[in-house]
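Report on the following structure.
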Ligand code: CMC
């Protein structure tokens with residue numbers, strides 16, 4: 143039993159013995175208080191059990207805040223809607239990494255540092271040819287990003303602040319180059335080198351879509367849409383991939399290895415893989431008439447089908463990122479001259495019906511960021527298998543900022559959860575000839 147007392151402690155009482163322990167309660171700037179249970183085991187001899195971390199904070203952080211009930215997302219105190227409307231991705235990267243909006247000079251220096259790190263070691267090109275052309279781009283990204291630690295030895299000392307910063311810049315700068323290379327590799331087209339005269343999103347589109355045979359002009363509307371997609375995916379506090387990066391970093395692994403671990407965690411359809419899964423689902427639904435059939439499947443507990451792009455562990459209200467993307471979607475389709483995109487019509491109708499359906503209303507299942515991003519990315523010409531890679535490009539800055547924050551803490555402690563053991567008790571070894579046949 144627990145109860146909160148006036149001194150901001152929680153009292154934990156063992157109902158059987160009557161023993162009780164006072165646990166400190168920590169307060170954040172925003173959000174619910176947390177009970178600090180670090181001394182619980184040494185004092186009370188018990189652990190807590192929370193397998194999916196539904197009620198457990200894993201760190202203190204100053205970077206991102208989410209109020210899931212209100213549908214609010216802020217980076218360093220700035221609302222995501224304002225950042226998407228007023229800022230640009232590189233400025234958001236600076237904000238996430240360094241905590242403040244940059245001055246003009248700081249921004250110029252940062253832009254220069256990122257731009258002049260976008261090329262990858264020429265030997266990396268050879269690494270690609272070891273993969274099959276039909277490899278999933280995320281499979282290539284897992285390998286190739288981890289392999290960066292074999293190329294950039296001069297920024298691997300995690301205890302050196304300057305080297306940490308160089309690694310952070312390298313990751314933010316090079317991951318779009320690698321992502322574009324995975325796309326080119328799977329299409330069988332030559333790699334396109336980065337261009338220093340282009341902005342971050344513009345350069346990325348150039349590396350993905352230009353070919354040596356003709357000039358490619360990046361549409362400002364598409365570059366702006368890409369920039370917004372990057373902003374909206376930049377960070378999302380302690381989600382599965384970010385927690386994976388932090389856990390990997392806590393063992394003192396190098397930053398390239400840590401970010402590679404984040405990419406593997408992002409790949410799953412419950413997380414970053416959802417944008418690919420949404421589009422596949424919309425294609426599978428195929429027409430508005432079939433929506434009720436799929437809604438019924440989503441509600442059926444015996445059917446593993448879930449409505450992809452709906453629901454979120456933290457948001458129990460409309461995902462603010464989805465609201466921005468929904469608007470963006472119309473602009474992009476108009477720019478591309480795509481009228482009456484059938485998948486968009488299915489998506490809009492699905493959203494409308496689901497938001498009125500008791501099952502979704504009661505469980506507070508709203509569209510999330512991935513619901514509309516796939517439609518935009520498809521319209522831009524990205525293959526479906528690239529969608530999660532684009533999420534990884536955008537999230538790299540979040541992972542790196544969270545890793546940097548953790549490394550700057552005074553005492554880095556390895557993350558090491560405990561468990562409730564429910565296996566066999568001690569027993570004697572049975573020789574082979576005495577075991578059941
Ligand atoms: N379709 C149908 N039912 C759902 C869905 C869905 N998409 N999401 C949750 N539910 C139901 C779930 O079955 C459960 O019902 P009940 O209470 O009757 O058992 C209830 O809602 C609560 O769900 P949960 O699985 O306990 O929630 P969670 O916090 O563990 O999972 C989630 C969150 C995002 C993994 C889940 O909502 C989901 O699988 N959504 C679809 C995948 C998706 O769109 N993922 C992208 C998330 S946003 C991008 C990112 O951050 O990576």
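Residue numbers (my numbering): 143 to 579. C-beta atoms are modelled at their ideal positions from N, C-alpha and C, and glycine is treated no differently. Since we're looking at a predicted model, the values are computed, not measured.
Beta-bridge partners of residue i, as assigned by DSSP
i: residue 176; result: 168
i: residue 217; result: 206, 220
i: residue 452; result: 509
Contact with chain B by residue i, beta-carbon distance below 8 Å
i: residue 153; result: In summary, chain B is missing from the structure at hand, where a single protein chain is found.
For residue i, the three-state DSSP class (helix, strand or coil)
i: residue 499; result: coil
i: residue 472; result: helix
i: residue 555; result: coil
i: residue 379; result: coil
i: residue 306; result: helix
i: residue 524; result: coil
i: residue 647; result: Nothing in the structure corresponds to residue 647, since the chain is present only between 143 and 579.
i: residue 444; result: coil
i: residue 301; result: coil
i: residue 561; result: coil
i: residue 200; result: coil
i: residue 575; result: helix
i: residue 190; result: coil
i: residue 459; result: coil
i: residue 276; result: coil
i: residue 195; result: coil
i: residue 252; result: helix
i: residue 290; result: helix
i: residue 430; result: helix
i: residue 243; result: coil
i: residue 570; result: coil
i: residue 387; result: helix
i: residue 479; result: coil
i: residue 263; result: coil
i: residue 296; result: helix
i: residue 268; result: helix
i: residue 181; result: coil
i: residue 258; result: coil
i: residue 212; result: coil
i: residue 229; result: coil
i: residue 543; result: helix
i: residue 515; result: helix
i: residue 392; result: helix
Proximity test, residue i beta-carbon vs the ligand MG heavy atom, cut-off 7 Å
i: residue 489; result: In terms of ligand content, the structure shown lacks the ligand MG and carries the ligand CMC instead.
TODO: Tell me the start and end of each unbroken alpha helix (DSSP H) in the stretch 320-377 that is at least 4 residues and wholly inside, in chain order.
DONE: 342-351, 362-374
- [ ] List in chain order: all unbroken alpha helix (DSSP H) runs of 4+ residues lying wholly within the stretch 395-426.
- [x] 397-408
Open item on the list: Does the structure place the stretch 548-558 close enough to the stretch 390-399 that three or more beta carbon pairs sit under 8 Å?
Closed with: Using a C-beta cut-off of 8 Å, the stretch 390-399 makes contact with the stretch 548-558, since at least three inter-stretch Cβ pairs fall below that distance.
Open item on the list: Pairs of beta-carbons, one from the stretch 230-244 and one from the stretch 485-492, closer than 8 Å: are there three or more?
Closed with: no
- [ ] Say whether the stretch 528-546 touches the stretch 414-432, bearing in mind that this needs 3 or more beta-carbon pairs closer than 8 Å, one atom from each stretch.
- [x] yes
TODO: Indicate whether the contact test is met: 3 or more Cβ pairs, each with one atom in the stretch 177-197 and one in the stretch 441-450, closer than 8 Å.
DONE: Touching, no.
Open item on the list: So, does the stretch 454-461 touch the stretch 210-226, judging by three or more C-beta pairs under 8 Å?
Closed with: yes
Open item on the list: Would you call the stretch 323-331 in contact with the stretch 300-314, where contact means no fewer than 3 C-beta pairs closer than 8 Å?
Closed with: Taking 8 Å as the limit for Cβ pairs, the verdict is that the stretch 300-314 does not touch the stretch 323-331.
Open item on the list: Across the stretch 343-351 and the stretch 366-373, are there enough close Cβ pairs to call them in contact, namely three or more that are closer than 8 Å?
Closed with: yes
Task: Cβ contact (3+ pairs, closer than 8 Å) linking the stretch 565-573 and the stretch 244-262 - done: no
- [ ] Assess, as a yes-or-no matter, whether the stretch 473-491 is touched by the stretch 416-428 under the definition of 3 or more beta carbon pairs within less than 8 Å.
- [x] yes
- [ ] Evaluate contact between the stretch 261-271 and the stretch 374-390, counting only Cβ atoms and requiring at least three cross-stretch pairs below 8 Å.
- [x] no
Task: Cβ contact (3+ pairs, closer than 8 Å) linking the stretch 512-520 and the stretch 459-479 - done: Touching, yes, given that three or more Cβ pairs across the two stretches are closer than 8 Å.
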